[in-house]
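Here is the structure we will look at.
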Amino acid sequence: MFYDTHAHLNADQFKNQVTEIIEEARENQVNVINVVGFNRKTNALANQIALKYENVYASAGFHPADISQFDESDFETLESYLKQNITVAVGECGLDYYWHKETKNKQIEYFKRQIELSKQYKKPLIIHVRDAIADSYEVLKEASRHGHLKGVMHCFSGTPEMAKRFLDLGLYISLGGPVTFKNAKIPKEVAKVIPLDRLLVETDCPFLAPHPYRGKLNKPAYVPIIAREIANLKKVSLEEIAYYTTDNGKKLFLTNYKD
Ligand SMILES: [Zn+2]
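Structural data, given as structure tokens:
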């Protein structure tokens, strides 16, 4: 069994085909899926999709690349999601200076507030970082001084050294399609150093389809392709990767889940 810990079945690309996509995932032993929200519309859709399908869960948060669209009133809506059992995580949240350096201050403020909500509601963070790894580490390190951090560095693209620093903060590391790309030296090195009990897998679909589907529509059914590459790199069996990543995902996201 596999757990796709980061899928955007709430994206426009999957409109009117969510049922088929989930069925295809199950045929490929991908039985548990987190549908990750990133803005107003997709937070609402993640909630709807997760309520409709078995073993499908939602997250809700403010993505740093969309930060300009949010204001105070969105925190109320966010909390209304976090009060629901079906919402198992806060995010995606984090920092993204690749798309929007000009909103840096607001990104940092909203990231910190989402970290506080994660602690308050005891729901882990799904953390997105792009071209902002040093600032993200500083914010998380500071937050870890005032209470236990729970969360995952999603689709981690930093170096093995940085991965270790985030692991030291108690966070999980999740890998996706890029680990299968032929020229992706760094993600492959990262895969080798993450301990099995701190590793998660994800697709981040509809983006970042693994090789040989690179550039095409990504979907949860491709998780085993990513897991197989990680198994080869770590020189362990595919079954071990399936077992550990599913178990880790359940521990992180579903420990407090009640039907
Ligand atoms: Zn995502």
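To convert, count from 1 in the sequence shown and add 11; that's the working numbering.
No residue lacks a Cβ here, since even glycine has one placed at the ideal position from N, Cα and C.
Euclidean distance between Cα positions of residue i and residue j
| i | j | result |
| --- | --- | --- |
| aspartate 179 | leucine 89 | 29 Å |
| aspartate 82 | phenylalanine 122 | 13 Å |
| alanine 143 | tyrosine 108 | 6 Å |
| leucine 93 | valine 99 | 8 Å |
| isoleucine 126 | serine 155 | 10 Å |
| threonine 16 | glutamate 113 | 30 Å |
| histidine 111 | proline 235 | 33 Å |
| methionine 337 | valine 67 | In this structure the chain extends from 12 to 270, so residue 337 is not present and cannot be described. |
| tyrosine 254 | aspartate 85 | 37 Å |
| arginine 51 | serine 79 | 12 Å |
| valine 101 | valine 163 | 10 Å |
| glutamine 131 | glutamine 95 | 14 Å |
| glutamate 87 | glycine 72 | 12 Å |
| cysteine 166 | asparagine 267 | 24 Å |
| glutamate 172 | proline 189 | 18 Å |
| leucine 263 | asparagine 27 | 30 Å |
| aspartate 77 | glycine 169 | 22 Å |
| serine 91 | isoleucine 137 | 18 Å |
Delimiting residues of the alpha helix (DSSP H) encompassing residue i
| i | result |
| --- | --- |
| alanine 195 | Per DSSP, alanine 195 belongs to no alpha helix (DSSP H) and is neither H nor E. |
| leucine 62 | 51–63 |
N- and C-terminal bounds of the beta strand (DSSP E) containing residue i
| i | result |
| --- | --- |
| methionine 164 | 162–164 |
| leucine 211 | 210–212 |
| alanine 71 | 67–71 |
| glycine 105 | 98–107 |
| valine 47 | 41–47 |
| threonine 88 | No beta strand (DSSP E) contains threonine 88, which is instead part of the alpha helix (DSSP H) from 83–93. |
Practice task
Any chance you could list the residues with Cβ under 6 Å from a heavy atom of ligand 1, keeping chain order?
Solution key: His17, His19, Val47, Glu103, Asp215
Problem - the region 244–251 / the region 30–41 touching (three or more Cβ pairs under 8 Å) - result: no
Practice task
For the region 131–150 and the region 187–196, state whether three or more C-beta atom pairs, one from each stretch, are separated by less than 8 Å.
Solution key: no
Exercise for the section: Count the C-beta pairs between the region 18–32 and the region 222–242 that are closer than 8 Å, then say yes if the count reaches three, no if not. Expected result: At 8 Å Cβ cutoff, the stretches touch.
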